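*Asks:* Okay, here's the structure, questions in a sec.
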Amino acid sequence: MTMFKGIAASDGIAIASAFRLTDPNLSFDKKTVDDSDHEMSRLHRAIDISKQELRTIQQRTLKDLGIHESEVFKAHIAILSDPEFLKRIENTILSQRVNAEYALKTVSDGYVKIFNSMTDNDYIKQRSTDINDVTKRVLSHLLGVKLTDPALIDHQVVVIAHDLTPSDTAQFVPNYVKGIVSDMGGRTSHSAIMSRSMEIPAVVGFQGDLADIHNGDEVIVDGLTGNVIVRPTPEEKHRYQAKIRDFQARTSQLAAFKDEATTSSDGKHPILAANIGTLDDLQAAIENGAEGIGLFRTEFIYMDSESLPTEESQFNIYKTVVQKMAGKPVIFRTADIGGDKDLPYLHTPHEANPFLGYRAIRMSLDQPDIFRTQLRALLRASAYGNLSIMFPMIATTIEFQHAKRIFEDERQKLLEKGVAVGDIKLGIMVEVPAAAILADQFTNLVDFISIGTNDLIQYVMAADRGNRRVSYLYQPYNPAILRLIKHVIDACHENQTPAYMCGEMAGDQKAIPILVGMGLNEFSMSATSILKSRALIKELDSREMVTLANKTVSMASTSQEVLKYVHQALDES
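In terms of full-length UniProt numbering, the sequence shown opens at residue 1 and continues consecutively.
The structure is reproduced here in C-alpha cells:
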C-alpha cells in the first residue's frame with residue numbers, strides 16, 4: 001500500500017482499478033514552407049472540424065449535465081472563432097513562412113504564458129487551460145492523430161491523468177468513471193467543477209509520480225481529504241468502504257437542508273449566501289439553498305467582453321439576477337479590474353507590482369465615465385429586487401466618500417428623469433489591512449462591511465499565494481489573521497453594522513466555528529459549500545464558539561494551535 005496526497009477537488013470516495021488516460025503524440029517539427037496558402041487552408045480545415053466536434057460535445061453535455069457545464073464548450077468554440085486569435089496564427093504563417101502546426105502552437109503558448117502569469121485569479125488562469133484544450137484538438141487534426149476518447153471506457157475505473165481537459169471530463173460516463181486523479185489543476189478548474197457536477201470524487205495537484213500508478217492497480221480516491229491510496233491492504237479497503245457508506249448517508253441528509261433556515265443549535269441565524277460571477281452560477285446558488293448572493297463579481301462581465309460593456313447590457317444582467325433571487329439580498333461588487341484582471345481594450349500601463357497598483361476602486365475613481373455607467377445600470381436594476389453595492393480595494397475613508405458622491409450624483413440624475421430606483425445599501429470590501437485597522441471609522445459611513453479574505457491574507461502576510469516558494473505563508477488560520485478579522489467584526493457590532501465575509505474562508509469548515517463565535521452575520525461561499533456549511537452551523541452552539549474564537553486569538557501563536565483548538569471544540573460540542 002502506498003499513500004499520496006493532493007488537493008481534494010470533488011467530494012466523495014471511490015475504489016476502482018486505475019485507468020491511465022494518456023495523450024497521443026502531438027509532437028511536430030518546425031518547417032519552412034513555400035506554399036503559405038496551403039498551410040492556411042490546412043489550419044482552417046482543422047479548426048472547422050474541431051468546432052464541429054465541440055458543438056457535438058456541447059450538445060451532449062447540455063443534455064446530460066445542464067447549461068452551466070456546457071458553457072465551457074461554448075467558450076472553446078468562441079476561442080476558435082476569435083478573429084484576433086486566428087489573425088495572429090495567420091500572420092505567423094505568412095510572416096515567418098512556417099507550417100500551421102508551429103504557428104498555432106507559438107501563438108497558443110504566448111496566450112498561455114500571459115494567462116499563467118496572472119497567479120492570483122483562478123478564473124483568468126483557467127483560460128490557459130481552455131487555450132491548451134482547443135490547441136490540442138486542432139493539432140490532432142493537423143497531424144492526423146486521433147485523440148483519446150474517454151467515452152469508450154466501459155468498466156469501473158479511477159482515471160489517472162497528467163491533466164484533464166473539460167472535453168475529457170465531459171465525455172466520462174459516471175457509471176464507469178468512479179474517481180479522478182490528476183497532476184494539474186485546482187478546485188476552481190473547469191474539470192474539477194465538472195467533476196463536482198457529475199459527482200465524481202476527484203483529487204488534483206497530485207503530490208507524487210503518476211508513473212507509480214499502473215493500469216489495473218486498485219486505487220482509493222478520497223475527495224474529502226485529498227488522499228490517494230494505491231494497492232490498498234484488505235484492512236484499508238474495508239475501512240474506506242465503511243467511509244463510503246457514511247458519506248452516502250451524509251449526502252442524503254444534506255439534501256434535506258436546502259430549504260431550511262441556517263440556525264445554530266442555540267438559535268443564532270447567520271445568512272449563508274453564494275459567491276457568483278455569471279448568470280450560470282446563479283442557478284447553482286438557488287439549487288443549493290442560498291439565502292442571498294453575498295458577492296456578484298461584476299468584472300466577469302467586462303472580462304467576457306471585447307469592449308466595455310454598455311449600460312444596457314449590464315442592466316439586463318443585474319436585473320435578471322435580482323429578479324431570480326426573488327427578494328433575497330444580492331450584493332454586487334463594482335468592477336475589480338486591474339492587478340490580475342487586465343483588460344486588453346483599456347490599454348492600462350504595465351506595473352511592477354500590479355496587485356498593489358492601479359486596480360479596482362482606484363481605477364473606477366480615475367476613470368469615472370466607466371464607473372458611472374456601471375452605477376447607472378445597478379441603480380436601474382435596483383427597482384427590481386433587493387440590491388446592494390460594495391466597492392472593492394478600499395483603503396481610505398476618502399475613497400469611499402468619493403465613490404459614494406458619484407453614486408449619489410447618478411442616483412439623483414435618474415430620479416430627476418423619473419427613473420425608478422430602489423433602496424440601495426452601500427458597503428465596502430475589507431481586503432486592505434489599512435481599512436481593516438480603521439474598521440471602526442468605516443462603520444460610521446457604510447451600511448455593511450464584507451471581509452475579502454483572499455487578498456487580506458496575502459497582504460497581511462506579505463506573501464503572494466500564487467508563488468509556490470512563499471505559499472506556505474498563505475495561512476487563513478494564522479492568529480494574526482484571526483485577530484484582524486475579529487477586530488473588524490467587533491467594530492461592526494459596536495456600531496450596529498452588519499459584518500459579512502465573501503472570501504474562501506467563509507466556506508472553510510475549519511474556519512466556520514471560529515467565525516460563528518466571532519459573530520459573523522453573513523457567510524458567502526461557493527454554492528457547493530452551502531449545504532454542508534448549513535449542516536455544520538446547525539450543530540454548533542454559538543456560545544461555545546465564542547470561547548473557541550477567544551482562545552484562537554488570545555492563546556494560539558500558530559495555525560496548528562488554532563486548528564487544535566477547533567478540533568477540541570468540535571469534539572466537545
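No residue lacks a Cβ here, since even glycine has one placed at the ideal position from N, Cα and C. Nothing here was measured: the structure is a model prediction, and the numbers come from that model.
1) Note down, in chain order, each residue of its chain lying with its Cβ closer than 7 angstroms to the Cβ of residue 363, except the 5 sequence neighbours on either side.
2) Within 8 angstroms, do at least three Cβ pairs link the region 283 to 301 to the region 326 to 336?
3) Between the alpha carbons of residue 537 and residue 460, how many angstroms are there, rounded?
4) Do residue 447 and residue 418 have their beta-carbon atoms positioned less than 8 angstroms apart in this structure?
5) Using CA atoms only, rank isn't needed, just tell me which of 346, 444, 382 and 395 is closest to residue 407.
6) Which residues in the same chain as residue 103 place their Cβ atom closer than 7 angstroms to its Cβ, once the five residues preceding and following it in sequence are excluded?
7) Per DSSP, what kind of secondary structure is residue 550 in: helix, strand or coil?
8) Under a three-way DSSP split, which group does residue 73 fall into?
9) Could you pull out every residue in the same chain whose Cβ sits closer than 7 angstroms to the Cβ of residue 156, ignoring the five residues on either side in sequence?
10) How would you write the range of the beta strand (DSSP E) that residue 2 sits in, first residue to last?
11) Could you pull out every unbroken alpha helix (DSSP H) segment of at least 4 residues lying fully inside the region 89 to 117, listed in chain order?
12) Per the contact definition of three or more C-beta pairs closer than 8 angstroms, is the region 13 to 28 in contact with the region 142 to 150?
13) Output the distance between the C-alpha atoms of residue 35 and residue 106, rounded to the nearest integer angstrom.
14) On the DSSP bridge list, what partners appear for residue 555?
15) Could you pull out every residue in the same chain whose Cβ sits closer than 6 angstroms to the Cβ of residue 506, ignoring the five residues on either side in sequence?
16) So residue 177 is in the beta strand (DSSP E); what residue range does that whole segment cover?
17) Is the region 2 to 10 touching the region 226 to 237, taking contact as three or more C-beta pairs under 8 angstroms?
18) Are the CB atoms of residue 394 and residue 435 nearer to each other than 8 angstroms?
19) Does the separation of the CB atoms of residue 306 and residue 345 fall below 8 angstroms?
20) Nearest to residue 201 by CA position, among 184, 224 and 544, is which residue?
21) Please confirm whether residue 376 and residue 410 have their CB atoms less than 8 angstroms apart.
22) Starting from residue 575, follow its DSSP beta bridges and name the residues at the other end.
23) Starting from residue 518, trace the alpha helix (DSSP H) both ways and give me its first and last residue.
24) Report the residue from 217, 98 and 445 whose alpha carbon sits nearest the alpha carbon of residue 399.
25) Could you give the residue range of the alpha helix (DSSP H) that holds residue 454?
26) Work out the CA separation of residue 372 and residue 366 for me, nearest whole Å.
27) Cα-Cα, which of 249, 404, 275 and 37 is closest to residue 95?
28) Using beta-carbon positions only, say whether residue 18 and residue 221 come within less than 8 angstroms of one another.
29) Can the beta-carbon of residue 553 be found less than 8 angstroms from the beta-carbon of residue 483?
30) Of all the beta strand (DSSP E) runs that stay within the bounds of the region 142 to 172, which reach a length of 3 or more residues?
31) When the Cα atoms are used, what is the spatial distance from residue 52 to residue 46?
32) Rounded to whole angstroms, what's the CA-CA distance from residue 80 to residue 112? Just pull it up for me.
33) Starting from the C-beta of residue 10, find all residues in its chain whose C-beta is less than 7 angstroms away, skip the five residues before and the five after it, and write them out in chain order.
34) Label residue 488 either buried or exposed according to how many other C-beta atoms from any shown protein chain fall within 10 Å of its C-beta, with 16 as the threshold for buried.
35) Give every residue of the same chain whose Cβ lies closer than 8 angstroms to the Cβ of residue 237, excluding the five residues on either side of it in the sequence, and list them in chain order.
*Replies:* Put simply:
1) 337 and 338.
2) yes
3) 28 angstroms
4) no
5) 382
6) 89, 92 and 93
7) Under the three-state reduction of DSSP output, residue 550 falls in the helix class.
8) helix
9) 16, 176 and 178
10) Segment 2 to 5, the beta strand (DSSP E) holding residue 2.
11) Entirely contained in the region 89 to 117, the alpha helix (DSSP H) runs reaching 4 residues are, in chain order, 100 to 116.
12) Counting Cβ pairs under 8 angstroms, three or more are found: they touch.
13) Residue 35 and residue 106: Cα-Cα distance of roughly 19 angstroms.
14) When beta bridges are read from the DSSP output, residue 555 appears opposite no residue.
15) Excluding residues within five positions, the ones whose Cβ falls inside 6 angstroms are 523, 524 and 525.
16) 177 to 182
17) yes
18) yes
19) yes
20) 224
21) yes
22) Since the first and last residues shown for the chain are 1 and 573, residue 575 lies out of range.
23) First-last of the alpha helix (DSSP H) with residue 518: 512 to 518.
24) Nearest to residue 399 by alpha-carbon distance, out of 217, 98 and 445, is 445.
25) 453 to 461 is the span of the alpha helix (DSSP H), which, as asked, contains residue 454.
26) 11 angstroms
27) With distances taken between Cα atoms, residue 95 lies closest to 37.
28) no
29) yes
30) 157 to 161
31) In this structure, the alpha-carbon of residue 52 lies about 10 angstroms from that of residue 46.
32) 15 angstroms
33) 192, 195, 196, 200, 201, 202 and 223
34) buried
35) Same-chain partners within the cutoff: 15, 218 and 220.
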